[in-house]
Amino acid sequence: MSIRIGVQMYTLRSLVKTPEAMEEAFRRSRAMGAQCVQALPIPSTPPEFIRDLSKKYELPVCTVHAPVDRIKNDLDRLAEEFLTFECTAIGIGMMPGSYMRKKGMEGTKAFAQFLNETAEKLQKYNMTVTYHNHSYEFKSVNGQTHFDYLLENTGPGVHFTPDVYWIKVGGYDPVREMEKLRGRSKVMHLKDYKKGIAPFNMRSIGAGTLDFTAILQCAEDIGVEDAVIELDYSRDPYKSLENSLKFLGL
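Plus 119 on top of the position in the sequence shown (first one is 1) and you've got this note's numbering.
Encoded structure:
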């Protein structure tokens with residue numbers, strides 16, 4: 120398989136609040152077999168810090184989730200920071216509540232416009248903006264999901280970071296939804312699903328019910344390059360990552 124399997128450092132957010140702890144996270148992720156990371160910047164550390172860790176531990180940075188306010192108001196400097204650690208995908212982790220609170224599809228329409236405008240501004244840097252879903256996007260308005268609206272009303276410079284767990288929570292089949300993203304997804308999120316109350320039914324890979332053989336085959340078919348393991352909730356984040364990487368053969 121050509122897809123790199125990696126670690127979403129958000130999984131370790133409670134443990135990586137200092138530069139020393141972040142380096143330990145890179146070191147341990149590499150030792151567990153990770154092939155890339157989605158980085159989690161630490162306040163007051165320059166982008167060169169992430170660059171140096173990425174090179175030292177041979178873990179390319181596939182994306183980073185950036186605050187929407189910075190994307191709106193400080194995009195040029197943000198793009199330059201990302202390019203410092205050789206990352207060309209600016210991530211958005213969630214649709215802001217100001218959009219979701221609007222009636223019907225109006226907020227999603229406005230958000231699609233924002234994504235398109237951002238993608239256009241990033242063209243000069245040869246970069247993309249990539250949007251990470253939760254379950255909200257799979258609610259329907261007049262027979263159309265927010266996910267489908269975003270996909271159909273954004274241009275090729277807008278990419279998507281499908282999260283297979285949240286697609287399942289939203290009531291849809293991850294593989295079927297991912298098939299819609301051919302050529303529009305370079306990064307994806309992996310976490311397992313077990314029947315129960317979200318988000319407390321998140322599981323490490325292999326401890327739930329999702330078919331990761333089919334998921335990763337589909338991901339490869341549609342052009343995904345990096346699949347990062349993300350556990351929003353875990354009593355032992357390092358152990359969850361280790362078990363997940365091991366299940367995936369790393």
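Even glycine gets a Cβ: it sits at the ideal position worked out from N, Cα and C.
Residue from K136, N192, M151, Y129 with nearest C-alpha to L364 | M151
In DSSP terms, what H308 is bridged to = D282, V347
Would you list the residues sitting across from S259 in a DSSP beta bridge?
-> T264
Using 8 Å as the Cβ pair cut-off and three pairs as the minimum, do the segment 316-328 and the segment 344-363 touch?
-> yes
Run through the segment 195-223 for me and flag every whole alpha helix (DSSP H) of 4 or more residues, listed as ranges in chain order.
-> 216-219
V135 (DSSP reduced to helix, strand or coil) = coil
Length at least 3, wholly inside the segment 316-366: the beta strand (DSSP E) runs in chain order = 345-348
Is the segment 133-145 close to the segment 268-279, with three or more CB pairs under 8 Å?
-> no
Would you call the segment 288-302 and the segment 232-250 in contact, with 3 or more CB pairs under 8 Å?
-> no
For Q154, does the count of other Cβ atoms within 10 angstroms reach 16, so buried, or fall short, so exposed?
-> buried
Sub-7 Å separation of A158 and M128 beta-carbons = yes
Local conformation of I161 per DSSP, three classes | coil
Outcome for P356 when other beta-carbon atoms lying within 10 angstroms are tallied against a minimum of 16 = buried
G125 - DSSP class collapsed to helix/strand/coil | strand
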